[in-house]
Amino acid sequence: MSDSNRTIRRRLRERGLALMLVLGLVVLLVSIGFSFHDQMAGRLTDARMGALDAEALTLARSGLYLAKLLMKAETRSYLYLPREETSPESKSGSSDQPRAKKIEKTKLDEIYQFLATSEKEGFPLEGGRLSIQLIDENALINLNRASEATLASLFAVVGLKRRKKLEILDEVVEEDISREAARSVINWRSPEGQKLVGGGDDTYYDSRKPPYRSRSAPFEVPDELLLIKDMTPLSFFGTPQESRNGAGGPGGPPGEGGAKPKEAEGESDTPVKDKGKNADNDKEKPKKVEGLAGYVTVWGDGKVNANNAPLTVLKAMPGIAESISREALAKAVVDHRPYRDAGEIRNALAMVDPRAGGQITAYLKTSSTVLRVRATGFRGVRRRVVEAVLSKTGILVKTLYYRED
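Quick note on my numbering: the sequence shown kicks off at 212 and runs consecutively.
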């Protein structure tokens, strides 16, 4: 082979190697470019989502500010927060009963109505949407002030039961524990030395895993009820469904930090079916359980605002709970709202039972000083929630509880 041929072949190899190096470098640069592009695209997406998230939070905070302004502007002797017309409670009474004297609507009433009707979807604001839910904490039963009888009545109305499996019969039975649970609530909030017999005590709580002690002081948040003996997430939140009276999540206010107690042996926090000999029972749908979260509070003076109280709460009130006309009395209160004073409540009750008014109105009122506000801001695909409990004294509005989600 001549020297010229060797030279040509050497140069071709060198050029091929150079071409491979160039191609490799191009591939490397393209890979780096795509990687940089992906990183920048991800960062830009994160930045956009972060901006939308911040805007949604700003909208939610503005909803809380609006609620504070409404509370400061409210100077009337009564507070009535309208609910959706499709609410079962708005249709609970018979149409042949005389209605209460019509009260002329004010601008505040129009705002309350607007907020109620736009609660689910929100209303347009600054390129996003805002939903404001107002919940009257004075319309609920106060865990720190309610008597044993009132608590037991509420638990009975909701249908609080203990579920146990009988191994011998291989079936699940239920027993009413409303009275026992009421005593457990009293014991939880009572100082040492003032506990009731028949309710949860520290001996029981010490046996939990992990063990804990009863507070022996007032409840701080409603979710604390989850720590009470025999109280399960199901009995507190209820079967997942649309929220009632502001109970968020699967039926209760979210994010208040209540710890979940370990279930007692043989108990369950899910709906159960009787597994008897009848095979058809296994085909039945689990029954819905009404939770307590939408009916209890830890704020307020203990009196219940008849203008906004849920039907379940009214059925548990003293003077109504023990009456043979309980259903009719509770519905009468709902049917003739709003009320401006206790006299109008007595007149509504007198249509059912003339003797009931005096006793019942001792536990009812028409005004409220504590509201829970749940403001939800929507911006693009982002959603932020601000929830607060506000208390009004004079013209001052104080925040008792606050969280952002």
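Yeah, the Cβ is synthetic: ideal placement off N, Cα and C, and Gly gets one too. Here the structure is a predicted model, which means the values were calculated and not measured.
What number of angstroms, rounded off, separates the C-alpha of Y416 from the C-alpha of K440?
8 angstroms
Starting from G568, trace the beta strand (DSSP E) both ways and give me its first and last residue.
From DSSP, G568 is part of no beta strand (DSSP E) but of the alpha helix (DSSP H) over G568 to I571.
Using DSSP's beta-bridge definition, name the partner residues of V500.
Answer is none; V500 lacks a bridge partner.
Distance check for V515 and G569, CA to CA, integer angstroms please.
15 angstroms
The alpha helix (DSSP H) spanning W342 covers which residue range?
The residue asked about is misnamed: residue 342 is Ser in this sequence, not Trp. Run containing S342: none in the alpha helix (DSSP H); it sits in the beta strand (DSSP E), G339 to D347.
So what does V581 bridge to, in DSSP terms?
S602
Evaluate I379 with the Cβ neighbour count: other Cβ atoms within 10 Å of its Cβ, from every protein chain shown; 16 or more gives buried, anything less gives exposed.
exposed
Since D546 is in the alpha helix (DSSP H), which residue starts that stretch and which ends it?
R537 to D546
Return the CA-CA distance between I531 and K499, expressed in angstroms with no decimal places.
25 angstroms
Compare the C-alpha of V592 against each of T256, D512, L232 and L230 and name the closest.
T256
Count the other C-beta atoms from every protein chain shown that fall within 10 angstroms of the C-beta of M260, then say buried if there are 16 or more, exposed otherwise.
exposed
What residue range is occupied by the uninterrupted beta strand (DSSP E) comprising F334?
F334 to L336
Exposed unless 16 or more other CB atoms sit within 10 angstroms - verdict on K302:
Residue confidence is low: K302 scores 45 on pLDDT, short of 50, so the model does not pin down where it sits. Its coordinate-derived value is still stated next. Classification of K302: exposed, given that the 10 Å Cβ count is below 16.
Where L371 falls: helix, strand or coil (DSSP):
coil
In terms of alpha-carbon separation, which member of T580, R566, P529 and K542 lies closest to Y574?
P529
What do you reckon, are the CB atoms on F447 and R400 nearer than 8 angstroms?
no
Going by alpha carbons, who is nearest to R548 out of L445, E315, A357 and V600?
E315
Close-in-space but distant-in-sequence residues of the same chain around N349 (CB under 6 angstroms, 5 per side omitted)
G511, N516, S579 and V581
Rounded straight-line distance, which links the Cα of K406 to that of Y289
37 angstroms
May I have the straight-line CA-CA distance separating Y550 from A543, to the nearest angstrom?
12 angstroms
Can you tell me whether E598 is buried or exposed? The criterion is at least 16 other CB atoms within 10 Å of its CB, across all chains shown.
buried
By DSSP, does Y613 sit in helix, in strand, or in coil?
strand
Figure out for me which residue from K376, E391 and G404 has the closest Cα to the Cα of V384.
K376
Would L341 and L281 qualify as a contact pair, given that the criterion is a beta-carbon distance under 8 angstroms?
no
DSSP three-state call for D552: helix, strand or coil?
coil
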